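Chemist: Just so we're aligned, residue 8 is where the sequence shown starts under the working numbering, counting upward by one.
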Amino acid sequence: MPSGSDSRGPNNKSGAKSAKAIKAANKGGRPAKKGKGGVPAPRQIPWLTIGAGALVLALIAVLAVNLWPKVEEQQALEPYKYSSENKDPSDKIDGVLKIEYPAGQHVEATQRVAYDQTPPFGGPHDSTWANCTGTVYADPIRTENAVHSLEHGAIWISYNPDLVDQDQIDSLATRVNGKSYMLMSPYPGQSSPISLQSWGHRLEVDNADDERIDQFITALNQNPNTYPEVGASCSNPLFSPETSPFDPTAPGPDAVPMDGAGTTAATDEQIPAGG
Numbered sequence: 008m009p010s011g012s013d014s015r016g017p018n019n020k021s022g023a024k025s026a027k028a029i030k031a032a033n034k035g036g037r038p039a040k041k042g043k044g045g046v047p048a049p050r051q052i053p054w055l056t057i058g059a060g061a062l063v064l065a066l067i068a069v070l071a072v073n074l075w076p077k078v079e080e081q082q083a084l085e086p087y088k089y090s091s092e093n094k095d096p097s098d099k100i101d102g103v104l105k106i107e108y109p110a111g112q113h114v115e116a117t118q119r120v121a122y123d124q125t126p127p128f129g130g131p132h133d134s135t136w137a138n139c140t141g142t143v144y145a146d147p148i149r150t151e152n153a154v155h156s157l158e159h160g161a162i163w164i165s166y167n168p169d170l171v172d173q174d175q176i177d178s179l180a181t182r183v184n185g186k187s188y189m190l191m192s193p194y195p196g197q198s199s200p201i202s203l204q205s206w207g208h209r210l211e212v213d214n215a216d217d218e219r220i221d222q223f224i225t226a227l228n229q230n231p232n233t234y235p236e237v238g239a240s241c242s243n244p245l246f247s248p249e250t251s252p253f254d255p256t257a258p259g260p261d262a263v264p265m266d267g268a269g270t271t272a273a274t275d276e277q278i279p280a281g282g
């Protein structure tokens with residue numbers, strides 16, 4: 008048996024391995040950055056990433072705030088959308104006046120019609136329709152032309168300029184401007200501040216904030232169940248209030264009656280020559 012002990016015992020071997028492992032780790036690792044004076048530099052906060060994330064969240068919040076009211080508005084209008092089962096949703100709107108009128112009764116540009124309603128929303132009318140491609144007229148238009156537009160499925164919004172202010176006029180215009188089968192014009196002397204007409208239907212309201220305005224438009228704009236000439240055009244670039252002026256006077260004794268006596272039957276619905 009040897010007289011001396013072996014210095015490379017199990018404990019010493021383990022210690023040597025640990026020392027090597029620590030040394031290897033120190034070589035492979037990246038030493039902490041030091042600032043001035045050997046003091047470790049503070050950890051950098053990723054402000055750019057945080058800012059980008061906050062911006063995305065802000066944009067989402069803005070979109071939600073702006074879009075949600077529109078979603079709610081569309082949901083509220085669902086009952087007023089026409090379909091094969093819901094043919095005339097305007098029946099659900101309080102205050103809508105409905106009258107049946109025969110279609111296709113045309114008068115000449117020099118003739119007046121003794122309308123039974125003011126503004127009229129059906130009956131004999133001019134053979135030329137008023138342009139109704141989302142048209143906002145600054146001046147009154149001839150009623151006989153406007154009624155023809157209704158026969159094509161348009162909605163005509165009229166207002167008494169003495170009873171509404173510019174803010175209300177602007178609000179109404181947003182519902183019309185650029186919208187298919189819509190037109191709008193002042194109508195001096197009408198009894199209500201605002202009136203909406205479609206063929207055989209009328210709704211009178213006191214202000215532009217009335218929710219029934221959008222209900223009426225949704226229910227009757229191009230509703231194929233409620234107007235005679237489905238598919239007829241609303242475009243007529245030749246029409247102008249200057250050439251077809253509004254006449255505020257009462258129709259004379261030679262005016263065409265509502266039964267259509269003296270009218271001519273419609274033969275086509277094309278834009279006049281040159282249009």
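Cβ coordinates follow ideal geometry from the N, Cα and C atoms, glycine included.
As the structure is a prediction and not an experimental result, all values here were calculated from the model.
Near residue 146, which residues of its chain fall below 6 angstroms by C-beta distance, leaving aside the five closest residues on each side in sequence?
Modeler: 248
Chemist: Going by alpha carbons, who is nearest to residue 223 out of 127, 56, 79 and 88?
Modeler: 88
Chemist: State the Cα-Cα distance for the pair residue 113 and residue 96, rounded to the nearest angstrom.
Modeler: 29 angstroms
Chemist: Would you mind reading off the limits of the alpha helix (DSSP H) that contains residue 90?
Modeler: That residue, residue 90, is in no alpha helix (DSSP H); it is neither H nor E in DSSP.
Chemist: Can you find the residues in the same chain that come closer than 7 angstroms, C-beta to C-beta, to residue 271, ignoring five residues on each side of it along the sequence?
Modeler: 113
Chemist: Can you say whether residue 133 is buried or exposed, counting buried as having 16 or more other CB atoms within 10 angstroms of its CB?
Modeler: buried
Chemist: Evaluate residue 63 with the Cβ neighbour count: other Cβ atoms within 10 Å of its Cβ, from every protein chain shown; 16 or more gives buried, anything less gives exposed.
Modeler: exposed
Chemist: In whole angstroms, what separates the C-alpha of residue 106 from that of residue 84?
Modeler: 24 angstroms
Chemist: Give every residue of the same chain whose Cβ lies closer than 6 angstroms to the Cβ of residue 94, excluding the five residues on either side of it in the sequence, and list them in chain order.
Modeler: Once the five neighbours on either side are set aside, the close Cβ partners of residue 94 are 232.
Chemist: State the start and end residues of the unbroken beta strand (DSSP E) segment that holds residue 204.
Modeler: 201-205
Chemist: For the 8 angstroms Cβ check, are there 3 or more pairs between the region 159-178 and the region 194-214?
Modeler: yes
Chemist: Which residue's Cα is closest to the Cα of residue 239: 216, 101, 259 and 156?
Modeler: That would be 156, whose Cα lies nearest to the Cα of residue 239.
Chemist: Which residue wins for smallest C-alpha separation from residue 178, given the options 104, 261 and 215?
Modeler: If you compare the alpha carbons of 104, 261 and 215 with that of residue 178, the shortest gap goes to 215.
Chemist: Could you name the residues that DSSP lists as bridge partners for residue 193?
Modeler: 166
Chemist: For residue 222, report the span of its alpha helix (DSSP H) as first-last.
Modeler: Unbroken alpha helix (DSSP H) run through residue 222: 219-227.
Chemist: Taking only the alpha-carbon atoms, compute the straight-line gap between residue 92 and residue 82 and give it to the nearest angstrom.
Modeler: When only Cα atoms are considered, residue 92 and residue 82 end up about 18 angstroms apart.
Chemist: Tell me whether residue 115 sits in a helix, a strand or coil according to DSSP, three-state version.
Modeler: coil
Chemist: Sort 244, 99 and 171 by Cα distance to residue 226 and report the nearest one.
Modeler: 99
Chemist: Whole angstroms is fine: what's the gap from residue 135's alpha carbon to residue 86's?
Modeler: 34 angstroms
Chemist: Count the other CB atoms, across all protein chains shown, that sit within 10 Å of the CB of residue 237; report buried if there are 16 or more and exposed otherwise.
Modeler: exposed
Chemist: Our contact map puts residue 243 next to residue 137 with C-beta atoms below 8 angstroms; I'd like the distance itself, whole angstroms only.
Modeler: 7 angstroms between Cβ atoms; contact.
Chemist: If you run the structure through DSSP and keep just helix, strand and coil, what is residue 233?
Modeler: coil
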